[in-house]
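Participant: So that we are looking at the same thing, I have put the structure below in structure tokens.
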Amino acid sequence: MGKNLKIILIQLPIQGYDFFFSHENIPLAPAYLHAIASEFGMEVEILPDPVMSYGSDQAILQYILDVRPDLVGMSCYLWNVERSLFLAKEIKKHLPSCVIVLGGPEINPENHFLLNHSEFDIGVVGEGEGTWKALLQSFPDLDRISGLLLRRENGRWEFTGYSPSLLNLAQIPSPFLKGNLHSHLKKILWMETVRGCVNRCAYCFYHKRYPGVRAFPLERVFREIEKARSLGLKEVVFLDPCWNRNPELRGLLERLSEMNSDRELEFHAEGEAEGIDPWMAERMGRAGFVELEVGLQSIKKETLQRLRRRFDPDRFLKGVSLLQEFGVEVMVDLIAGLPGEDLSDILKSLDWVIEHGAYDFLMLYPLSLLPSTEFHERAQEFGLMAMPRPPYLITKTLHLNASEIHQAFLEYEKRMEEDISPLEIPPALDPRDRDVSFLQDLYHQISWNQPEEIDHLTSVADRTAYGITIKVSREVLRMSERWSPILRGYLKKNPFSLLSVEVPFDSSLEELRPLWDLAREHSHPVDRDYTVTHSPYRSFLLFSRAKGLIWKWPDPREFQPLSLPDGQRVSYPPVCLVASSQKSLPGWFFEEMEKRYSKIPEIRIWSLLED
Ligand code: B12
Ligand code: SF4
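Position in the sequence shown counted from 1, then plus 76, gives you my numbering.
If you want it as structure tokens, here you go:
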């Protein structure tokens, strides 16, 4: 048995100005590990909310430094791995003896981006529970444990090899039944009923970790559902990769439809439309399923072969309509950037789904070339180029360039008549009075009305949320020599901030320039998504409000094409996003714009009524 350790486990959220995804940052992986570590008598905690899911980099760091753990474990997904590495570095600076262990899908020996980093001590590759148990038992003698990335004296990472045996899922304690997840649950529970997938899609990472499909004991699943109901939760999201291919599907559905006959709980899952028969659809409806997400990805035969996916148009349409008939909405996913597809192929897939009305929600996603997937291994053969850093977006294939991939998203938007990447209004500026009680004592807004208030940001820097709004008066705006170093210092310490600044509505572009200069220095992973349909510069936004309107000013960089890491350039029209509760905009607004721009930027109105 290794020594007793004080452990903190962390799973950082997907970030957004409205904190939407933070509410769904359910630390299931940390909770499994928590259950195991506490069985060993270790002093272990999951970083509590609101700090974990809403806190700024410094707020998180401060919490950790106050606890002084011996070991910090972090769950790394493509949306949080860079931030996790940043934190790892900061922790090491202040607590050099603290051991940093990373796990999750980003941690694998084929991820070159990761292997170039040395901020962490140990990587856990693949399924975590068994390796974590062995690690805690043997710490610090780890050489004989499989499933680890260990840093050698020459600074290189060495992988100790995959574990020869698979865990029996019945032996993994349920974190939900044990109560380890409670403080991080709001209305939604995430659950696995199986691990592993029947399919082997070439772009997907999930199945790489699990050779077959293993099921959790059904009785345990039912106890979890019972508990979710008794706690008054509203939704259960099954994380199973292909829900309707569960080996125990019939028994599962029978029982769920009995247990949840009042449909108090709403179920969401991913599955295959082709496999849906009338019995299944009826039972799913009766059990309380409200949505099934189906990955169609493309309708082109050659593409699907390359993806290792099957598609039978008639059975697909039949499956979708059966689900709809029984009240289960269908979300269909397509991918832009698959090898062998040009722009017209992507549009054909989109149009096919639309023409057949085979969806309730239709989504187009960019392809991420995930390390360790078949496409990643065969990238050269397929002529695939991607960003070298998360989210590893495809930028070029033999048949598509970045502008065409971007174009696919514009076409999607036209067809769906909706904004694919709507701009989130930070709660501090939202006229709809958002409830922000989830932030508890974290600051999400700061006012700089008077010059004396500027330093306030520094004094609360370790108690801020990652999304923060600064409201600046004209007097302060004009004192850039005072606020620039303060804001720059804040962003340096909190590089994963999403910053919004509210400026007086009649500010001139000249007055805004020092803010834009700072914006150019701030780079955040959200700024890398070139597939958005307007403004890829999202981590630093300038807003104004006047007479019932709220708008985001176009970033001066939008007037120039965006440069991608591979040298390609993508053009965006500069855009002013206006939130309004009216359909048309008043004349004074255009006059304000005409004063500043020789050609008025594109104006997109997004309605405050629909929400
Ligand atoms: C829920 C989920 C989401 C949610 C995110 C929820 C959130 N946190 O806010 C939503 C739906 C928003 C989402 C979106 C996306 N997702 Co997703 N998602 C998942 C899903 C279904 C569940 C993750 C999970 O919690 N699993 C349960 C836990 C227990 O399993 P686990 O994470 O693998 O953890 C185990 C081990 O990894 C390890 N482990 C994990 N952490 C740690 C830490 C330590 C210290 C140790 C020792 C071990 C360890 O032990 C755990 C137990 O065995 C997975 C697929 C899956 N079923 O796992 C995909 C998955 C994580 N998503 C994936 C992808 C690609 C995406 C998208 C890019 C898809 C797209 N094209 O848009 C987007 C990205 C969104 C964005 N804005 O960046 C990939 C991730 C690849 C990667 N390298 O990170 C996965 C693996 C699916 C796949 N097909 O490959 N996703
Ligand atoms: S994309 Fe879905 S169906 Fe395909 S292998 Fe991955 S998890 Fe399985």
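Here a beta-carbon is modelled for each residue, glycine too, at the ideal position from N, C-alpha and C.
Please output, in chain order, the residues near the ligand SF4 using a CB cut-off of less than 6 angstroms to any non-hydrogen atom of the ligand.
Facilitator: Here the residues come out as 273, 275, 276, 277, 280, 282, 283, 317, 318, 371.
Participant: Less than 8 angstroms between the CB atoms is what I'm expecting for residue 202 and residue 276, so what's the real figure, rounded?
Facilitator: The residue given as residue 202 occupies position 126 in the sequence shown. The residue given as residue 276 occupies position 200 in the sequence shown. Actually they do not touch by this definition, with Cβ atoms about 16 angstroms apart.
Participant: Helix, strand or coil for residue 220, going by three-state DSSP, please let me know.
Facilitator: Within the sequence shown, residue 220 is the residue found at index 144, counting from 1. Reduced to three states, the DSSP call for residue 220 is coil.
Participant: Does the distance from the C-beta atom of residue 178 to that of residue 162 stay below 7 angstroms?
Facilitator: By one-based count along the sequence shown, residue 178 stands at place 102. By one-based count along the sequence shown, residue 162 stands at place 86. The answer is no: Cβ separation not under 7 angstroms.
Participant: If you measure from the CB of residue 120, is any heavy atom of the ligand B12 nearer than 6 angstroms?
Facilitator: On the sequence shown, position 44 is the one that residue 120 refers to. Answer for residue 120: no, Cβ out of range of the ligand B12.
Participant: So, using beta-carbon positions, are residue 533 and residue 522 closer together than 7 angstroms?
Facilitator: Numbered from its first residue, the sequence shown carries residue 533 at position 457. Numbered from its first residue, the sequence shown carries residue 522 at position 446. Yes, the pair counts as a contact, with Cβ atoms nearer than the cut-off.
Participant: Report whether the distance from the Cβ of residue 104 to the nearest heavy atom of the ligand B12 is below 6 angstroms.
Facilitator: The residue labelled residue 104 in the question sits at position 28 within the sequence shown. Yes; taking the cut-off as 6 angstroms, the Cβ of residue 104 has a heavy atom of the ligand B12 nearer than that.
Participant: Using the Cβ count rule (16 or more neighbours within 10 Å means buried), how would you classify residue 565?
Facilitator: Indexing the sequence shown from 1 puts residue 565 at position 489. Label assigned to residue 565: exposed.
Participant: Under 6 angstroms Cβ to Cβ from residue 141, same chain only, skipping five residues before and after it: list those, please.
Facilitator: Position 65 of the sequence shown, counted from the first residue, corresponds to residue 141. Counting only Cβ-Cβ distances below 6 angstroms, and skipping sequence neighbours, we find 170.
Participant: So, helix, strand or coil for residue 328, using DSSP?
Facilitator: Here residue 328 is taken as the residue at index 252 of the sequence shown, counted from 1. Residue 328 falls in the helix class under three-state DSSP.
Participant: Using only CA atoms, which one of 637, 226, 131 lies nearest to residue 573?
Facilitator: Start at 1 with the first residue of the sequence shown, and residue 573 comes out as number 497. The candidate whose alpha carbon is nearest that of residue 573 is 131.
Participant: Find out if the Cβ-Cβ distance for the pair residue 502, residue 556 is shorter than 7 angstroms.
Facilitator: On the sequence shown, residue 502 is found 426 positions in, with the first residue counted as 1. On the sequence shown, residue 556 is found 480 positions in, with the first residue counted as 1. Result no, Cβ atoms of residue 502 and residue 556 do not sit closer than 7 angstroms.
Participant: Beta-carbon separation of residue 333 and residue 359 under 7 angstroms?
Facilitator: As a working note, residue 333 is residue 257 in the sequence shown. As a working note, residue 359 is residue 283 in the sequence shown. Contact flag set, yes.
Participant: Unbroken alpha helix (DSSP H) runs of length 4 or more, entirely within the stretch 551 to 593: which are they?
Facilitator: Counting whole runs of 4 or more residues, the stretch 551 to 593 contains the alpha helix (DSSP H) stretches 556 to 569.
Participant: Leaving out the 5 sequence neighbours to the left and right, which residues in its chain are closer than 7 angstroms to residue 340 when beta-carbon positions are compared?
Facilitator: Taking the first residue of the sequence shown as position 1, residue 340 is located at position 264. Around residue 340: 305.
Participant: Here's the rule I'm using: 16 or more other beta-carbon atoms within 10 Å means buried, otherwise exposed. How should residue 279 be labelled?
Facilitator: Numbered from its first residue, the sequence shown carries residue 279 at position 203. Residue 279 comes out buried.
Participant: DSSP three-state label for residue 428, please.
Facilitator: Here residue 428 refers to the residue found at position 352 of the sequence shown. Of the three classes helix, strand and coil, the one that applies to residue 428 here is helix, per DSSP.
Participant: Would the beta-carbon of residue 98 fall within 7 angstroms of that of residue 89?
Facilitator: By 1-based counting over the sequence shown, the position of residue 98 is 22. By 1-based counting over the sequence shown, the position of residue 89 is 13. In this structure, residue 89 lies closer than 7 angstroms to residue 98 by Cβ.
Participant: Does the Cβ-Cβ distance between residue 289 and residue 270 come in under 7 angstroms?
Facilitator: Taking the first residue of the sequence shown as position 1, residue 289 is located at position 213. Taking the first residue of the sequence shown as position 1, residue 270 is located at position 194. It is a contact, given that the beta carbons lie within the stated cut-off.
Participant: Is the beta carbon of residue 136 less than 7 angstroms from the beta carbon of residue 143?
Facilitator: In the sequence shown, residue 136 corresponds to position 60, counting from 1. In the sequence shown, residue 143 corresponds to position 67, counting from 1. Not closer than 7 angstroms, so no.
Participant: Which of the three DSSP states is assigned to residue 448 in this structure?
Facilitator: Residue 448 sits at position 372 when you count from the first residue of the sequence shown. Note: residue 448 maps to coil in three-state DSSP.
Participant: Going by the CB atoms, is the gap between residue 110 and residue 244 shorter than 7 angstroms?
Facilitator: The residue given as residue 244 occupies position 168 in the sequence shown. The residue given as residue 110 occupies position 34 in the sequence shown. It is not a contact, given that the beta carbons lie outside the stated cut-off.
Participant: State yes or no: is the C-beta of residue 320 within less than 7 angstroms of the C-beta of residue 347?
Facilitator: On the sequence shown, residue 320 is found 244 positions in, with the first residue counted as 1. On the sequence shown, residue 347 is found 271 positions in, with the first residue counted as 1. Going by C-beta atoms, residue 320 is nearer than 7 angstroms to residue 347.
Participant: Apart from the five residues just before and just after residue 475, which ones in its own chain have a Cβ nearer than 7 angstroms to its Cβ?
Facilitator: Taking the sequence shown and counting its residues from 1, one reaches residue 475 at position 399. Closer than 7 angstroms at Cβ, skipping near neighbours: 416, 417, 418.
Participant: What is the DSSP secondary structure of residue 676, reduced to helix, strand or coil?
Facilitator: Walking along the sequence shown from the start, residue 676 turns up at place 600. DSSP places residue 676 in coil when its eight states are reduced to three.
Participant: With three or more beta-carbon pairs closer than 8 angstroms as the criterion, would you say the stretch 578 to 588 touches the stretch 433 to 452?
Facilitator: As far as the Cβ criterion goes, the stretch 578 to 588 does not touch the stretch 433 to 452, which means the pair count is below three.
Participant: For residue 379, which of 458, 217, 303, 441 has the nearest alpha-carbon?
Facilitator: Counting from one through the sequence shown, the residue named residue 379 turns up at place 303. Out of 458, 217, 303, 441, 458 has the C-alpha closest to the C-alpha of residue 379.
Participant: Could you pull out every residue in the same chain whose Cβ sits closer than 6 angstroms to the Cβ of residue 608, ignoring the five residues on either side in sequence?
Facilitator: Along the sequence shown, one-based indexing puts residue 608 at 532. Counting only Cβ-Cβ distances below 6 angstroms, and skipping sequence neighbours, we find 497.
Participant: Give me the residue from 620, 542, 627 with the minimum Cα distance to residue 600.
Facilitator: Start at 1 with the first residue of the sequence shown, and residue 600 comes out as number 524. The residue with the shortest Cα to Cα distance from residue 600 is 542.
Participant: Closest by CA to residue 424, which one among 381, 375, 299, 182?
Facilitator: Reading the sequence shown from its first residue, position 348 is the one you call residue 424. Residue 424 has its Cα closest to that of 375, out of 381, 375, 299, 182.
Participant: Under a Cβ-count criterion, where at least 16 other Cβ atoms within 10 Å of its own Cβ denotes burial, should residue 355 be classed as buried or exposed?
Facilitator: In the sequence shown, residue 355 corresponds to position 279, counting from 1. Result: exposed.
Participant: Determine the contact status of residue 617 and residue 594, defining contact as a CB-CB distance below 7 angstroms.
Facilitator: Residue mapping note: residue 617 aligns to position 541 of the sequence shown, counting from 1. Residue mapping note: residue 594 aligns to position 518 of the sequence shown, counting from 1. The answer is no: Cβ separation not under 7 angstroms.
Participant: Check whether the Cβ atoms of residue 349 and residue 392 sit closer than 7 angstroms, and answer yes or no.
Facilitator: If you number the sequence shown from 1, residue 349 lands on position 273. If you number the sequence shown from 1, residue 392 lands on position 316. In contact: residue 349 and residue 392 (Cβ atoms closer than 7 angstroms).
Participant: Please find out if some non-hydrogen atom of the ligand B12 comes closer than 6 angstroms to the beta-carbon of residue 151.
Facilitator: Mapped onto the sequence shown, residue 151 falls at position 75. Residue 151 Cβ: within cutoff of the ligand B12.
Participant: In the DSSP assignment, what residue or residues form a beta bridge with residue 545?
Facilitator: Looking up residue 545 in the sequence shown gives position 469. BP columns for residue 545 point to 521, 576.
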